[in-house]
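One structure below.
Numbering (this note's numbering), first residue to last: 10 to 529.
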């Protein structure tokens, strides 16, 4: 992480507007907004202004909040204003005697700056600054580009290629890395194995039985109680004997979500290969037993394959921190937060309009966006599996779910629990129910008013997939083929032709994205 992070803010300095600002606020905590508000007394709020705060809970020393200009197609002063912003940010780092700064793709979203224009501009300004008398302590400039933002990625590739060839001083400001030579191509034999080279080590992920593997060392994970009585641990215990169980009594434990585990394993191998150019270790194999986990490792491996073709200047190509809520690696253990949307934001208006299509008589008090890393990643794993299984990506619907105030904290933190089935409805199965229209969920039977008359409805991403008619008493969807009890429908509904509600039976098939608090 850099000493200084650059953030874009609107003229009113509200961090709740804009995905990058929202994510920084969620990680840094409310003090970031308080500090930013306090700077208003010192600096006028106008386009081109820069406001500095501490990093609060962010992993940096300071944040520079810039009010960026709208792109004017080169007809006005937006280019010069942006150039001045970049220059002032670089000078601020020097004045503070810091050594590194991270720039996101400033103003290339709603403000309309072409990404190629911004790439050319920032590289030009960095180049000029690196040759100026100002340069004393600044050593690294990071450009934060979303992993899936191919347009920005290509823009930097093109501009940097031309810029670096004529700039002998580039080493002053940009550090050349050797990550390109580490990763090989990902090859897979679906649906059982994926493999890639990481330096001199072959990394392989395969579906199988770890107890039957032939290797110099086998790594096993066990339960928090370390009793080795089930699953893989049981199989290993049967082969190794009870002495292994005794040793576990003095060892620790851990628990992480699959996406982070996949990234951590690959990152560890990368660190190892960098430190050992000619290792005796030739192969690392991860043995899994759930097909969905192969998709997780495949995505992580493909990410590295992309990086292998990136430019060699030091830049941050990652699932950027503003990709809410997927990325939380630098959140200081904060895996959950709520962000209140503001009226007038496009996101607020989208949610409001969907709700108001059938609930015009109700008054919205607030709309909150839920960022829950574990729930989101669990949902994405399920979605990936369903997309592959069904051979298409039309598996998701945006639906509604009404609840009472008492249940809200639980749903926010833990999602929808099918064990509560029967609390409001069981006519189509013992699962979690979601409505097509908000008016259905707004009924007092489902969204019961609290003591102040407030009601609550979630706007939910639901993986309905391939569905069929539900019936009372079922605890899973029925099989698609009566002769194949394993291949089940993904969900059930009240009416196949004109559904009003859907029922899912697995908790990771629904993600509560927004909470609407309203009243009559």
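Ideal Cβ placement from N, Cα and C applies to all residues, glycine included.
Enumerate in chain order the residues of its own chain whose CB-to-CB distance from residue i is below 8 Å, with the five nearest sequence positions on each side excluded.
i: residue 492; result: none
i: residue 452; result: 411
i: residue 196; result: 203, 204 and 205
i: residue 54; result: 20, 21, 22 and 76
i: residue 1; result: The first residue shown for the chain is 10 and the last is 529, placing residue 1 beyond what the model contains.
Look up residue i in the DSSP assignment and give the residues it is bridged to.
i: residue 502; result: 478 and 511
i: residue 497; result: 488
i: residue 467; result: 410 and 524
i: residue 203; result: 197 and 214
i: residue 356; result: None, per the DSSP bridge assignment.
i: residue 377; result: 349 and 524
i: residue 110; result: 13 and 150
i: residue 483; result: In DSSP, residue 483 forms no bridge with anything.
i: residue 63; result: 71
i: residue 298; result: Paired residues: none, contrary to the question.
Under three-state DSSP, which class holds residue i?
i: residue 285; result: coil
i: residue 6; result: Residue 6 lies beyond the residue range present for the chain, which begins at 10 and ends at 529; the question has no answer from this structure.
i: residue 425; result: coil
i: residue 23; result: coil
i: residue 115; result: coil
i: residue 372; result: strand
i: residue 309; result: helix
i: residue 127; result: helix
i: residue 224; result: coil
i: residue 28; result: helix
i: residue 189; result: Here the model assigns residue 189 a pLDDT of 43, short of 50, so the residue's position is not dependable and the matter cannot be decided.
i: residue 268; result: helix
i: residue 365; result: helix
i: residue 473; result: coil
i: residue 165; result: helix
i: residue 182; result: Its pLDDT being 37, under 50, residue 182 is placed unreliably in this model, and the coordinates cannot settle the point.
Taking residue i as part of the beta strand (DSSP E), name the residues at either end of that continuous run.
i: residue 406; result: 405-412
i: residue 523; result: 519-528
i: residue 155; result: 149-155
i: residue 14; result: 13-17
i: residue 71; result: 71-75
i: residue 122; result: Unbroken run through residue 122: none, as it is neither H nor E.
i: residue 442; result: 441-444
What span of residues does the alpha helix (DSSP H) with residue i cover, start to end?
i: residue 55; result: Taken as a continuous stretch (DSSP letters only), residue 55 belongs to no alpha helix (DSSP H), as it is neither H nor E.
i: residue 449; result: 447-450
i: residue 390; result: 382-399
i: residue 47; result: 40-47
i: residue 92; result: 87-104
Suppose contacts are defined by Cβ-Cβ distances below 8 Å. Is residue i in contact with residue j by that definition?
i: residue 476; j: residue 441; result: no
i: residue 471; j: residue 405; result: yes
i: residue 420; j: residue 521; result: yes
i: residue 100; j: residue 161; result: no
i: residue 463; j: residue 519; result: no
i: residue 361; j: residue 373; result: yes
i: residue 532; j: residue 103; result: The structure shown has nothing for residue 532, since the chain only spans 10 to 529.
i: residue 525; j: residue 345; result: no
i: residue 144; j: residue 152; result: no
i: residue 217; j: residue 296; result: yes
i: residue 110; j: residue 15; result: yes
i: residue 506; j: residue 35; result: no
i: residue 123; j: residue 88; result: no
i: residue 125; j: residue 78; result: no
i: residue 504; j: residue 486; result: no
i: residue 211; j: residue 292; result: yes
i: residue 223; j: residue 271; result: no
With hydrogens ignored, establish whether the beta-carbon of residue i is closer than 7 Å to any heavy atom of the ligand FMN.
i: residue 58; result: Ligands displayed in this structure: none; no statement on the ligand FMN is therefore possible.
Can you list, in chain order, the residues of its chain whose CB lies under 7 Å from that of residue i, leaving out five sequence neighbours each side?
i: residue 488; result: 494, 496 and 497
i: residue 194; result: 205 and 314
i: residue 426; result: 516
i: residue 70; result: 12, 13, 64 and 107
Once the 5 residues before and after residue i are set aside, which same chain residues still bring their CB inside 6 Å of it?
i: residue 517; result: 387, 388 and 391
i: residue 341; result: For residue 341, the predicted structure reports a pLDDT of 45, less than 50, and the residue's modelled location is therefore unreliable. A value from the coordinates is still provided. The answer, listed in chain order, is 66.
i: residue 409; result: 444, 447, 450 and 466
i: residue 96; result: 134
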